[in-house]
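What follows is a set of notes on a single structure, which appears directly below.
Residue numbers (the working numbering): 233 to 495.
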């Protein structure tokens, strides 16, 4: 089981108290977000530096790395899950390098199914990168897709976070039913972080080249977020046709037969 995916699913599950037990205030923790970091693959001590920040995972795109350099980089053993981006034909079959400890893989809809060989479900986590602009029908299909998808990654690297961005996050979360991982920029305000959390995002991914200070700062900012406000349940009003109502009877223009006789 993927350590990273396991943590994501823990955040994605509804935290309902067990029947017959009352939850204490101390256990009523707010929903938070994880922080992952894109890796460049060099220098080789990059992995160790990122791991010291408390990041939940590192994500490595091997494009530009020779097979030998990739294996050498992944031999740096750290107490942090590392994922590998599969690029279809660019990285051969996409199977994890021999002797490496890859925790999860990231791929898009264009990846040939044969490229998943060597990455069987259960051995590594599977994260599907999606464009939020795809039709809702395709988003719905993710939940029941085989081979199984365990999380969805979206790209929200925009100069300014907008309401449309939040709507796309919520749409991806609601239609796929999977934990949402968002590629983002490093500078986000507390209000933006809270909005992304409340829109269903379970993990933020910082860009490659982010410093240890930036990673640690984001983690601290997320920890300092106030608890999500409890939304009041609003009873929706269903708009349905009113059946069974007969039209009001029309009055008889000719009267009821009590016309005056001219006898």
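Glycine is no exception: its CB is placed at the ideal position from the N, C-alpha and C atoms.
Distance from the CA of residue 390 to the CA of residue 396, rounded to the nearest whole angstrom, comes to 11 angstroms.
Considering only 355, 310 and 361, the residue with the shortest C-alpha distance to residue 276 is 310. Check the Cα spacing between residue 340 and each of 334, 333, 361 and 347: the tightest is with 361. Taking a cut-off of 8 angstroms for Cβ pairs, the stretch 445 to 454 and the stretch 276 to 293 touch, as three or more such pairs fall below it. Judged by beta-carbon spacing, residue 438 lies beyond the 8 angstroms limit of residue 237, meaning their Cβ atoms are not closer than that value. Counting along the chain, no alpha helix (DSSP H) covers residue 270; the unbroken beta strand (DSSP E) around it starts and ends at 266 to 271. Taking 8 angstroms as the cut-off, the Cβ atoms of residue 264 and residue 454 count as close.
Straight across, the Cα-Cα distance linking residue 374 with residue 404 is about 10 angstroms. By the Cβ neighbour-count rule, residue 422 is exposed, with fewer than 16 other Cβ atoms within 10 Å of its own. In the structure shown, residue 427 falls within a helical segment according to DSSP collapsed to helix, strand and coil.
Approximately 33 angstroms separates the beta-carbon atoms of residue 393 and residue 347; this is outside 8 angstroms, ruling out the contact. When secondary structure is reduced to three states using DSSP, residue 358 falls in the strand class. Distances from the CA of residue 336 to each of 420, 410, 366 and 314 were compared; the closest alpha carbon is that of 314.
Judged by beta-carbon spacing, residue 412 lies within the 8 angstroms limit of residue 434, meaning their Cβ atoms are closer than that value. The residues 453, 454 and 457, in chain order, have a CB closer than 7 angstroms to that of residue 425 in the same chain once the five nearest residues on each side in sequence are set aside.
The beta carbon of residue 301 lies closer than 8 angstroms to those of 273 and 274 in the same chain, with the five residues before and after it left out.
Excluding the 5 residues flanking it on each side, residue 442 has same chain C-beta neighbours closer than 7 angstroms at 269 and 418, in chain order. Nearest C-alpha to residue 431 among 400, 440 and 415: 400. Residue 387: member of the beta strand (DSSP E) spanning 383 to 387, first to last residue. Per DSSP, residue 280 is one residue of the alpha helix (DSSP H) stretching across 278 to 283.
DSSP, reduced to helix, strand and coil, places residue 340 within a strand of the structure shown. Here residue 293 is buried. Its C-beta has 16 or more other C-beta atoms within 10 Å. Residues 368, 371 and 372 of the same chain have their beta carbon placed closer than 7 angstroms to that of residue 407, with the five preceding and five following residues left out of the count. For residue 281, the CB contacts under 7 angstroms within the same chain, skipping 5 residues up- and downstream, are 444 in chain order.
Sixteen is the threshold: when 16 or more other Cβ atoms of the shown chains lie within 10 Å of the Cβ of residue 382, as they do, the residue is buried.
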